[in-house]
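Residue numbers for the sequence shown follow the numbering used here, so the first one is 38 and each next one is one higher.
What follows is a set of notes on a single structure, which appears directly below.
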Amino acid sequence: MKKKALGFLLILFFPLYAAAVGINFQGLDLSDDNRLLFCADSGTTGGGGQRSVFVSRLTDLALQQITVFPEEIDIVEDGRSLLVRNVFGAALVPLSGGLPRPLAGFPSFVTGNVPVSGGAESLAVSRDGRWLLRLEYVSHAYGNLILVELSTGNRRTISTRIERSIRNFPARWSPDSRVFVYCKGGKLYYYPLFIESDVDERYRQIGEGKISAVAWGDRGDFFYIKGSAVYRVGGQELFTHAVYADFLEVGQTAGRLPLEFDPDFDLFWMSPDSRALVFSKGGRNVFYYPLSAEVSANETLPYIKLPAGAFDIDVLWPSPGALTVTASVRHRDGIAALAWRFAADGSQASRFTSLETPVGSHYALSPDGSKVLAWGEKGSVLLDYNTWKPARSAQPGPVHSCVWLGNNEYIVADSSRIERVDLAGRRRLVCLSGALEYGFEESEKEGNAPARILAKSGGAWYVTDGVSPWAAITEPRVRQTSHVSGRYRVYLEKQSGFPYENIPMIRNTASVGTTALLPLPFFREASVPEDSAQNGQDGVFNHGSRAGHRDIALCFDLYDDDSGLAQALEALSRFGVRATFFLNGDFIRRHPDSTRAIAESGHEAASMFYAPVDLSSSRYVFSGDYIAEGLARNEDEYYAASGGELSLLWHPPFFRFSREIVGAASRAGYQTIGRDVDPMDWISRDEALKLGISRESVPEMIERIMETKKPGSIIPIRLGQQPGGNDYLFLNIEVLLDSLIRSGYSVVPVSALVQRGL
């Protein structure tokens, strides 16, 4: 028993997306043969809760998952199985139809992993579906890159202490699944699967760069951008070059971009014939560029100007054929999809043209490039790629995932069912993804056959014996729910709320003893100190209450540039949390569309004065009227740009305070906000060099934030690019959110701390 509990403690630390809402168990139903049916709900997050139904044999507490929520799906095992991932882990489902089984070598709820509310773990599946790469958490900001063979569950550690990234997985597979490239510490490495013995990592180095600067071509070469140069690297060249990586440039020059490529903000996609590329510059503009060693300064490239806040930018590029750029923008009433078509035929008249957007914000191109699947919150539809018109009527209702099985069949997965669908619209059930009702079958038993399990999903009833696939049943006879058998009695016991809101308990009525269905995890959380009397000195609110609530406020400072805003809004939405944005007047005037995006996002908007001036500078004398007028002017400019109102919270630019400044703001009705955790992300590399201090990397910032934060902490993060060279904390905001929430904290707006702390 102790050994089992220890294993449970260790796997608490696998990385899963989360909001600080515990798992809620419900719908207990106990059979006469001591099998317990129950539902686990991951709670409410930005994407909604995820529900799965499980059955447990109480005699040995073995768990089996019988429905599987399809947050992410991949075709694996040479096309025989579907890999389904969600907050409860990863499961394999036969494409011929069957019940989910846990993936060996991967953390799963049924094998002891504690699921915290959120979503599926990021990973990279090889093209042939035989291998996957995952980043196994070892600290808040670092993980070990692990290679898992799906057929056996065998694991191999490829590299240690790689910087965690949730938005961009730090590895990419080759088309033939024989090699992958990964990023560590600002350098790129390769790893071939066919080597008989491991080669030291230093001899597998490609050169400096980040994973966003790498793209594999369909012909097996990979392309790498450094500065404005585009290099083509052949597979064999990897092995001969790596020994000389310190002083020899990798690959052959395939072209030169007219703009510098910034791997922190830019993306690119290669054409199927490797003769052209599309690149996104800072998420603001998308360009088409035919590869050439010479660049004309006067050359005008076909491009798209993206709307403010665009995210999920992607390219569909069949061979041959016109390419399509897709993107999403978030509005107050949901996500809107956008699409543009470009002929890419080399003619001078070629330009991007806007397409009518169907339901959905996600797209998948068929292998032959003739069809497109589009899906999202409003349903799914099959499109003819060339005409961009529906080839079949749309399926209404939220669809979570789709994937092609070939050119004539695909998978559609919603919250009720995972189904195979052919081009004629005929459907075959693969597995249930959820159930509104479930229970044991009321029937006359033959011999010792256990009662079958019934479930209602998508308006129809299905049955399984726990081994066979779900099958439709027209006249189900559901036994009345029971919490008692001849040996056990079950009930729900309330818990602290994280990671479980409640837990199924089992009372042995045939003997003695009561136990939890699941081992109660030892949740290693920081102690909550008593409240501090040091907050609010001189009228500055530096942190919230240290007692009673495990809340933390993330706030984002916007001075004059909106770089990183789209990533921050998407990350906050993904985790289902609200934050506070402090807006300077320069930002509002320069970026009215981005200001409006903040207002429509539902986050809290606060003031950072009407101009980025140091109000504490001895060179100037600022009167109380000047402070009040500057705050009022910022209110008016925010209203003019967004139609919304700023909250009565502010902090001076650069957090430069004085008693007079705080007093003047207070008389104008404003609460001055300070901070008790400074990420130091506002110091550039050049500034650090001038000051003679060491500038932390982003992973080091995250580690220090997690070490110094306390309940009630206020953590400001600066958005926007800065001169002087920088690593940007906001590009890894998902990792910080994940770490905070896994540590038991809820992320709230600053006003929530103020209401509790004053």
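Backbone N, C-alpha and C define an ideal beta-carbon position, used for all residues, glycine too.
All values derive from a computational prediction rather than experimental measurement.
Buried or exposed by the 16-neighbour rule on C-beta atoms within 10 Å, applied to residue i
i: R779; result: buried
i: S430; result: exposed
i: Q517; result: exposed
i: Y268; result: buried
i: A608; result: buried
i: K727; result: exposed
i: I232; result: exposed
i: Y528; result: exposed
i: N191; result: exposed
i: T709; result: buried
i: H368; result: exposed
i: K342; result: exposed
i: D718; result: buried
i: D351; result: buried
Under the three-state DSSP convention, the category residue i falls into
i: K727; result: helix
i: L790; result: helix
i: N61; result: strand
i: Y422; result: coil
i: D111; result: strand
i: Y765; result: coil
i: E512; result: coil
i: N621; result: coil
i: S452; result: coil
i: Q759; result: coil
i: A705; result: coil
i: E666; result: helix
i: M717; result: coil
i: Y675; result: helix
i: S776; result: helix
Through-space distance from residue j to residue i, alpha-carbon basis
i: R198; j: I751; result: 28 angstroms
i: L756; j: N205; result: 19 angstroms
i: A725; j: F619; result: 25 angstroms
i: R611; j: L442; result: 28 angstroms
i: P629; j: G86; result: 34 angstroms
i: Y657; j: Y596; result: 20 angstroms
i: F560; j: P536; result: Here F560 scores only 49 on pLDDT, less than 50, and its place in the model should not be relied on; the value that follows carries that caveat. In a straight line, the C-alpha of F560 is about 8 angstroms away from that of P536.
i: Q63; j: L473; result: 12 angstroms
i: T361; j: I112; result: 24 angstroms
i: N61; j: L555; result: 13 angstroms
i: L230; j: D594; result: 45 angstroms
i: Q792; j: V500; result: 52 angstroms
i: V699; j: I664; result: 9 angstroms
i: Y447; j: C439; result: 7 angstroms
i: L314; j: I262; result: 11 angstroms
i: D651; j: L790; result: 26 angstroms
Cβ neighbours of residue i in the same chain (closer than 6 angstroms, five flanking residues each side left out)
i: Q759; result: S721
i: K531; result: N539
i: D78; result: N61, G86, R88
i: V147; result: L100, Q102, P139
i: G585; result: none
i: A345; result: D630, S631, A634
i: N763; result: S721
i: E173; result: G180, N181, I183
Distance between beta carbons of residue j and residue i, contact taken as under 8 angstroms
i: S365; j: A347; result: 7 angstroms
i: W377; j: L392; result: 6 angstroms
i: N123; j: A157; result: 5 angstroms
i: A492; j: V90; result: 7 angstroms
i: I739; j: Q604; result: At roughly 15 angstroms, the Cβ-Cβ gap does not stay under 8 angstroms, so I739 and Q604 are not in contact.
i: V248; j: P207; result: Note on identity: in this sequence residue 248 is Ile, with Val being the wrong assignment. With a Cβ gap of about 5 angstroms, I248 and P207 count as contacting.
i: N671; j: G622; result: 5 angstroms
i: G397; j: G416; result: 7 angstroms
i: W168; j: S214; result: 7 angstroms
Spatial neighbours of residue i in its chain, beta-carbon cut-off 7 angstroms, leaving aside the 5 residues before and after
i: S660; result: none
i: Y525; result: L67, N71, L95, I543, R544, N545, T546
i: E562; result: Annotation note: pLDDT 49 at E562 (below 50); position unreliable, no value reported.
i: L466; result: G134, R454, E456, W507
i: G471; result: R88, T104, F106, S452, S453, S494
i: R256; result: S311
Proximal residues to residue i (C-beta, below 8 angstroms), its chain only, five neighbours per side dropped
i: Y782; result: A57, R587, D588, I589, K746, P748
i: T390; result: W377, R378, F379
i: I625; result: T632, N671, E674, Y675, A678
Chain B within 8 angstroms of residue i, Cβ atoms only
i: A266; result: Annotation note: the requested chain B is absent from the structure, which comprises a single protein chain.
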